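All letters in the sequence shown, in the order written, are residues 6 to 81 by this note's numbering.
Idealized CB from N, CA, C, for every residue including glycine.
What you are looking at is a predicted structure, and each value in this text was computed from that prediction instead of being measured.
Some notes on the structure that comes next.
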Amino acid sequence: MPRLFKKLIILIVMLPFVLAACGGTTSTTQTNSSSSNPARSSLKFYVITHGQASDPFWSVVKKGVDQAAKDMGVTA
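Below is the structure:
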């Protein structure tokens, strides 16, 4: 009986959280343009690796970082 009681209490406590998680959605819009947020263009990111620049893996990583920086409107 005490085990069933504990499960029931846990269920009652968790129910509001589950219902809140299943609540309605809010509509937000997001733009990837750096011109809409001038503070974003002043951001600068550094990528520090433990490999050589001539390593093919890290050259792919660098290209990905450069492309992501271009897409997000920041400097890398």
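N-terminal and C-terminal residue of the alpha helix (DSSP H) that residue i is part of
i, result
"K49", "Careful: K49 lies outside any alpha helix (DSSP H) and carries neither H nor E."
"V79", "Run containing V79: none; DSSP gives neither H nor E here."
"A58", "Taken as a continuous stretch (DSSP letters only), A58 belongs to no alpha helix (DSSP H), as it is neither H nor E."
Residues near residue i in its chain [Cβ-Cβ closer than 8 Å; skip 5 each side]
i, result
"A73", "A81"
Short Cβ contact (8 Å threshold) for residue i with residue j
i, j, result
"T54", "V66", "yes"
"F62", "G56", "yes"
For residue i, the three-state DSSP class (helix, strand or coil)
i, result
"G69", "helix"
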